[in-house]
Amino acid sequence: NAGVTQTPKFRVLKTGQSMTLLCAQDMNHEYMYWYRQDPGMGLRLIHYSVGEGTTAKGEVPDGYNVSRLKKQNFLLGLESAAPSQTSVYFCASEPRGAYGYTFGSGTRLTVV
Amino acid sequence: AQKVTQAQTEISVVEKEDVTLDCVYETRDTTYYLFWYKQPPSGELVFLIRRNSFDEQNEISGRYSWNFQKSTSSFNFTITASQVVDSAVYFCALSAYQKVTFGTGTKLQVIP
Numbered sequence: 001n002a003g004v005t006q007t008p009k010f011r012v013l014k015t016g017q018s019m020t021l022l023c024a025q026d027m028n029h030e031y032m033y034w035y036r037q038d039p040g041m042g043l044r045l046i047h048y049s050v051g052e053g054t055t056a057k058g059e060v061p062d063g064y065n066v067s068r069l070k071k072q073n074f075l076l077g078l079e080s081a082a083p084s085q086t087s088v089y090f091c092a093s094e095p096r097g098a099y100g101y102t103f104g105s106g107t108r109l110t111v112v
Numbered sequence: 113a114q115k116v117t118q119a120q121t122e123i124s125v126v127e128k129e130d131v132t133l134d135c136v137y138e139t140r141d142t143t144y145y146l147f148w149y150k151q152p153p154s155g156e157l158v159f160l161i162r163r164n165s166f167d168e169q170n171e172i173s174g175r176y177s178w179n180f181q182k183s184t185s186s187f188n189f190t191i192t193a194s195q196v197v198d199s200a201v202y203f204c205a206l207s208a209y210q211k212v213t214f215g216t217g218t219k220l221q222v223i224p
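Shown next as structure tokens:
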């Protein structure tokens, strides 16, 4: 089925460990996004990309890095995980023109 | 700066009642887009509707309807004859100049 696929779905990390979250979309969308969702705070934008090879910071970029080497993939990296990064992470994509997001199913990350 | 306010944190209704979810937005831009998304207990985020700032026509889709009023900067969402399957968190979002701002969500509980 067409859509946005996030891997992994769940992960537990120890403080200081690193990991990469993968987002893949097969809809040929130009724009891709990484959000985190925390209780009572809605969705906050971490980083986004408006095309292959381009990335930009969102509202809460500290502690994260991203790469978009291929149009269909958008990777989110945590170099040294901290408990404050415990959250649910959502990837989203949309075609150029603010047509609305297609979201992945989310990754629940716990940092202990 | 742009802002989206969903003042209703939680709403409970009895099945078959009508319910309206409020969304008030702020933006200085004249061209913008408004969205509603649904997040059921399973956790995924689902796009419901997109409306651009030049189209104030109300929209109805089955039991769902949306009332966009620029004069009051509101984009309210009404569910008619609510059902248990409508239980979810609903997010309103505003997109302007490639920046998307989400409200903090309204949790709707439909009691059988």
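Protein chains in written order, with my numbering: chain A, 1 to 112; chain B, 113 to 224. Virtual Cβ for every residue (Gly too), placed ideally from N, Cα, C.
Helix, strand or coil for T184 of chain B? Go by DSSP, reduced to three states.
Residue 184 of chain B sits at position 72 when you count from the first residue of the second sequence. Residue state, collapsed to three classes: helix.
One question on the structure: do T218 of chain B and Q118 of chain B come within less than 7 Å of each other, judged by their Cβ atoms?
In the second sequence, residue 218 of chain B corresponds to position 106, counting from 1. In the second sequence, residue 118 of chain B corresponds to position 6, counting from 1. Going by C-beta atoms, T218 of chain B is nearer than 7 Å to Q118 of chain B.
Can you tell me which of the three DSSP states S165 of chain B falls into?
Looking up residue 165 of chain B in the second sequence gives position 53. Three-state DSSP puts S165 of chain B in coil, outside helix and strand.
Best match in A:R68, A:R108, A:C91, A:E94 for proximity to P83 of chain A [C-alpha to C-alpha]
Reading the first sequence from its first residue, position 83 is the one you call residue 83 of chain A. Checked all of A:R68, A:R108, A:C91, A:E94; the closest Cα to P83 of chain A is A:R108.
Bounding residues of the beta strand (DSSP E) (the contiguous stretch that carries C135 of chain B)
The count along the second sequence starts at 1 and reaches residue 135 of chain B at position 23. Segment: none, C135 of chain B is in no beta strand (DSSP E) and carries neither H nor E.
Using a Cβ-Cβ cutoff of 7 Å, what residues of the segment 167–193 of chain B are near chain A? List them in chain order.
none
Answer with yes or no whether the minimum CB distance from L157 of chain B to chain A is below 7 Å.
The residue labelled residue 157 of chain B in the question sits at position 45 within the second sequence. Cβ-Cβ to chain A under 7 Å: yes for L157 of chain B.
Can you tell me where the beta strand (DSSP E) holding S49 of chain A begins and where it ends?
Here residue 49 of chain A refers to the residue found at position 49 of the first sequence. Looking at the DSSP string, the run of the beta strand (DSSP E) that includes S49 of chain A is 43–51.
Taking T5 of chain A as the query, report the chain B residues whose CB atoms sit under 9 Å from its CB, ordered along the chain.
In the first sequence, residue 5 of chain A corresponds to position 5, counting from 1. Within 9 Å Cβ-Cβ: nothing; T5 of chain A doesn't reach chain B, min ~12 Å.
Rounded C-beta distance between P64 of chain A and I46 of chain A? I'm assuming under 8 Å.
Locating residue 64 of chain A in the first sequence gives position 64, counting from the first residue. Locating residue 46 of chain A in the first sequence gives position 46, counting from the first residue. Before going further, note that residue 64 of chain A is Tyr rather than Pro in the sequence given. Y64 of chain A to I46 of chain A, Cβ: 5 Å. Contact.
For the structure I just gave you, are there three or more beta carbon pairs, one from the segment 70–88 of chain A and one from the segment 14–24 of chain A, closer than 8 Å?
yes
Per DSSP, what kind of secondary structure is Q114 of chain B in: helix, strand or coil?
Here residue 114 of chain B refers to the residue found at position 2 when the second sequence is read from its first residue. Note: Q114 of chain B maps to coil in three-state DSSP.
Using a cut-off of 7 Å between C-beta atoms, extract the partners of Y101 of chain A located in chain B.
Residue mapping note: residue 101 of chain A aligns to position 101 of the first sequence, counting from 1. Those within 7 Å of Y101 of chain A in chain B are F159.
Distance CB(G100 of chain A)-CB(F90 of chain A) smaller than 7 Å:
On the first sequence, position 100 is the one that residue 100 of chain A refers to. On the first sequence, position 90 is the one that residue 90 of chain A refers to. For G100 of chain A and F90 of chain A, no; Cβs fall outside 7 Å.
Interface positions of the segment 15–42 of chain A facing chain B (Cβ-Cβ less than 9 Å), listed along the chain
Y31, Y33, Y35, Q37, G40, M41, G42
Integer Cβ distance of T55 of chain A from V66 of chain A, believed to fall under 8 Å
Here residue 55 of chain A is taken as the residue at index 55 of the first sequence, counted from 1. Here residue 66 of chain A is taken as the residue at index 66 of the first sequence, counted from 1. With 8 Å as the limit, T55 of chain A and V66 of chain A qualify as a contact, their Cβ atoms being about 5 Å apart.
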